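Participant: Residue numbers (this note's numbering): 545 to 679.
All C-beta atoms, glycine included, are put in the ideal place defined by N, C-alpha and C.
Since the structure is predicted, the reported quantities are computational estimates derived from the model, not experimental observations.
1. Taking the straight line between their C-alpha atoms, what separation do you get for residue 587 and residue 593?
2. Decide if the segment 591-606 is in contact with the segment 547-559; the criterion is three or more beta carbon pairs, one per stretch, under 8 angstroms apart.
3. Does the Cβ of residue 557 have 16 or more other Cβ atoms within 10 Å, making it buried, or fewer, making it exposed?
4. Which residue from 554, 561, 583 and 559 puts its Cα closest to that of residue 568?
5. Considering only residues of the same chain and omitting the five flanking positions on each side of residue 597, which have a CB-CB separation below 8 angstroms?
6. In three-state DSSP terms, what is residue 602?
7. Does DSSP put residue 590 in a helix, a strand or coil?
8. Under three-state DSSP, which class holds residue 545?
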């Protein structure tokens, strides 16, 4: 999910938008302290900041993200024949091509803005995260 808002403490404040690898941060899923800690850790990691755990988050907006290529391809009508993979290209280059095709197909058919982010986990593992913004 995508969480955005403003973080404040006595010395500093900033707007943020971070991706959390959880499906739910409501009080049904975890305590407020746990969700706040998750968000602040993600902010500090992404923006290389040092906001303390006592920082205030206000307001916080949550957007669900689509993070499975199969889900996107099913919704977008994307087929492998739409994409030309070059064997000489690196894995990250080919992932970028896949992401661009999926974005274009999905946006055209659903009147939504779909942005992707390729996250390198290690030398052989990548994750494509899709963020959907409905018009």
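Facilitator: Result, derived from the coordinates:
1. C-alpha separation (whole angstroms): 7 angstroms.
2. Output reads yes: the segment 547-559 touches the segment 591-606.
3. Answer is exposed; the Cβ neighbour count stays below 16.
4. Ranked by Cα distance from residue 568, the options 554, 561, 583 and 559 are led by 583.
5. The residues are 580, 581 and 584.
6. The answer is strand: DSSP assigns residue 602 an E or B state.
7. Three-state DSSP puts residue 590 in a helix.
8. When DSSP states are grouped into helix, strand and coil, residue 545 belongs to the coil group.
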